[in-house]
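In what follows, a single structure is set out as structure tokens and then discussed.
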Amino acid sequence: MFLLTGVTGAAGSIVLREFVKQQVPVRVLVRDPAKAVQLAAAEPTIEVVVGDMLHADTLGPAMEGVDRALMISSPRDRMVETQCRFIDAAKQFGVRHIVKFGGKESGTTFDLTAFRGTRWHLEIEAYLEASGLEWTHLHPSQFMQMYLPEALTGVDSARHALVMPIGASRLAPVDIQDIAEVCVAMMRAEGIEGQAFDMTGPEALTSTEIVEQLSAATGTTFTYELVTRRRKRELHAEQGLPGPVIDLLDELYAGRAGSPEAHIDVSTHERFGVTPTTFAEFARRNAPAFTA
Ligand SMILES: NC(=O)c1ccc[n+]([C@@H]2O[C@H](COP(=O)([O-])OP(=O)(O)OC[C@H]3O[C@@H](n4cnc5c(N)ncnc54)[C@H](OP(=O)(O)O)[C@@H]3O)[C@@H](O)[C@H]2O)c1
């Protein structure tokens, strides 16, 4: 039995959709009873169990009989505590193996310990490795979906502008759909214990190249608007983001601005037989969302 968490979120919902598409039976943990009811009605092939990763005493029914769990939770909202308590519960309830969905910046000189988002993932990985459970780490780079207008950190669709304070730094974003296909294959694979899998998209692109590809895919001209970090903070505040989230994003932009080149690593795609999606393909698939 496989257990998935985080399936109501950006990445987990696409991972779950791929499990359903491939008809691979799974159990999913959902903390909000209303979302659990909704999900169970929409996806009759999955088993939905209510529980909260922060509270081990709610996790017994979700973990009973589970061999391997794919652990995903929010990048903020007490991520370290949430995932470490889930690991404790997995030990208590006899789960053998946790696949940790983490994150890694593709910038060649990006300091993973200086940005809290990546530092938290490293802390959780160390905790998991010391837990005595079998472990596997998945390290996707930035999601291509972060450029969708509704993702807030990327495109301002009203002005058709990518507004960023990261200069000409390159990123190698990856499509969550590729990650989802890797997750399904990985959860069914033998011999992945004790390994870490890095995963980027197939190209390292500047923000200028991103908007060129968006323009070509949508037939609408997009521009890259380079702003200061201070201005980007103001824009996030106008979007209604809470102060701590703005601080976290500001740390990320500082790291990216200081790391101009990006690695490309599609070895995980290759290992699990997934064709890497290019940004142009992603932009064409999502053209209506970019121009709506
Ligand atoms: N953004 C990127 O470009 C990027 C790139 C690489 C890696 N990552 C990593 O990917 C991971 C997932 O990110 P995301 O954007 O998909 O997150 P998200 O949209 O915020 O979704 C988080 C999910 O975790 C669930 N969750 C949170 N706390 C929980 C708890 N205590 N008990 C049970 N479920 C809980 C949420 O449930 P509710 O619906 O109840 O809130 C939701 O389903 C993060 O660790 C992030 O660091 C992100």
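Numbering that gives the first Met the number 0 puts the sequence shown at residues 0 to 291. Heads up, the beta-carbon is just placed ideally off N, CA and C, and yes, glycines get one too. Quantities reported herein were computed from a predicted structural model and do not represent experimental measurements.
Quiz item: M163 lies in the beta strand (DSSP E); which residues open and close that run?
Solution: The residue you call residue 163 lines up with position 164 of the sequence shown. Where M163 is concerned, the enclosing beta strand (DSSP E) stretches over A160 to M163.
Quiz item: Exposed or buried, K99, counting other C-beta atoms within 10 Å across all chains shown (16 or more means buried)?
Solution: Taking the sequence shown and counting its residues from 1, the one referred to as residue 99 is at position 100. When all chains shown are included, K99 counts as buried.
Exercise. Compute every distance between the C-beta of A261 and the non-hydrogen atoms of ligand 1, then say whether any falls below 6 angstroms.
Key: Indexing the sequence shown from 1 puts residue 261 at position 262. Outside the cutoff, so no.
Self-check item: Per-residue burial, A236 [other beta carbons within 10 Å of its own, 16 or more giving buried]
Solution: As a first step, residue 236 must be located in the sequence shown, where it is residue number 237. Flag for A236 reads exposed.
Quiz item: If we count the other Cβ atoms within 10 Å of its Cβ and call it buried at 16 or more, is E295 buried or exposed?
Solution: Summary: the structure shown does not reach residue 295, with the chain confined to residues 0 through 291, and so no result is reported for it.
Self-check item: For R228 and R283, the rounded distance between their alpha carbons
Solution: Counted from its first residue, the sequence shown places residue 283 at position 284. Counted from its first residue, the sequence shown places residue 228 at position 229. Their backbone Cα atoms lie some 30 angstroms apart in a straight line.
Practice problem: Taking only the alpha-carbon atoms, compute the straight-line gap between V210 and H54 and give it to the nearest angstrom. | Solution: Here residue 210 refers to the residue found at position 211 when the sequence shown is read from its first residue. Here residue 54 refers to the residue found at position 55 when the sequence shown is read from its first residue. Cα to Cα, V210 sits roughly 43 angstroms from H54.
Quiz item: By Cβ distance below 6 angstroms, which residues in the same chain neighbour K34 in space, the five residues on each side in sequence not counted?
Solution: Here residue 34 corresponds to residue number 35 of the sequence shown, with the count starting at 1. Contacts found: T7.
Quiz item: Terminal residues of the continuous alpha helix (DSSP H) containing Q22?
Solution: What you label residue 22 is simply residue 23 of the sequence shown in a count that begins at 1. Element bounds for Q22: n/a, residue is neither H nor E.
Quiz item: Considering only residues of the same chain and omitting the five flanking positions on each side of G166, which have a CB-CB separation below 6 angstroms?
Solution: In the sequence shown, counting from the first residue as 1, residue 166 sits at position 167. Taken in chain order, the residues that qualify are A256.
Exercise. Report the option in D246, F1, T57 and S214 whose CA atom is closest to the CA atom of L161.
Key: Taking the sequence shown and counting its residues from 1, the one referred to as residue 161 is at position 162. Minimum Cα distance to L161 is reached at S214.
Practice problem: Look at E124 and H136 and say whether their C-beta atoms are less than 7 angstroms apart. | Solution: Taking the sequence shown and counting its residues from 1, one reaches residue 124 at position 125. Taking the sequence shown and counting its residues from 1, one reaches residue 136 at position 137. In contact: E124 and H136 (Cβ atoms closer than 7 angstroms).
Self-check item: Residue from P139, E208, R67 and D110 whose Cα sits closest to the Cα of S266
Solution: Along the sequence shown, one-based indexing puts residue 266 at 267. Of the listed residues, the one whose Cα sits closest to S266 is P139.
Quiz item: Does the beta-carbon of Q176 have 16 or more other beta-carbons within 10 angstroms, so that it is buried, or is it exposed?
Solution: Counted from its first residue, the sequence shown places residue 176 at position 177. Counting Cβ neighbours within 10 Å, Q176 comes out buried, since at least 16 surround it.
Quiz item: Is it a yes or a no for the region 53 to 70 touching the region 83 to 95, going by three-plus beta-carbon pairs under 8 angstroms?
Solution: yes
Quiz item: Just to check, is the beta-carbon of M52 closer than 6 angstroms to a non-hydrogen atom of ligand 1?
Solution: Indexing the sequence shown from 1 puts residue 52 at position 53. Correct: M52 has its Cβ closer than 6 angstroms to ligand 1.
Quiz prompt | With 16 other Cβ atoms within 10 Å as the buried cut-off, status of E104 | solution = Counting from one through the sequence shown, the residue named residue 104 turns up at place 105. Buried, by the Cβ-count rule.
Practice problem: Name the residue from G101, I13, Q141 and P60 whose alpha carbon lies nearest to the alpha carbon of R169. | Solution: The count along the sequence shown starts at 1 and reaches residue 169 at position 170. The candidate whose alpha carbon is nearest that of R169 is Q141.
Quiz prompt | Entirely enclosed beta strand (DSSP E) segments - the region 45 to 89, minimum 3 residues | solution = 46 to 49 and 67 to 70
Practice problem: Have a look at T274 and A89 and give me their C-alpha separation to the nearest angstrom. | Solution: Residue numbering aside, residue 274 sits at position 275 when the sequence shown is read from its first letter. Residue numbering aside, residue 89 sits at position 90 when the sequence shown is read from its first letter. Going by the C-alpha atoms only, they are around 33 angstroms apart.
Quiz item: Where does the unbroken alpha helix (DSSP H) through P287 begin, and where does it stop?
Solution: Your numbering for residue 287 matches position 288 in the sequence shown. Residues A286 to T290.
Exercise. List the whole-angstrom C-beta distance separating F289 from V181, where the pair is believed to meet the contact cut-off of C-beta under 8 angstroms.
Key: On the sequence shown, position 290 is the one that residue 289 refers to. On the sequence shown, position 182 is the one that residue 181 refers to. F289 to V181, Cβ: 25 angstroms. No contact.
Exercise. Taking the CB atoms as reference points, tell me whether I71 and G5 lie closer together than 7 angstroms.
Key: Numbered from its first residue, the sequence shown carries residue 71 at position 72. Numbered from its first residue, the sequence shown carries residue 5 at position 6. Contact: yes.
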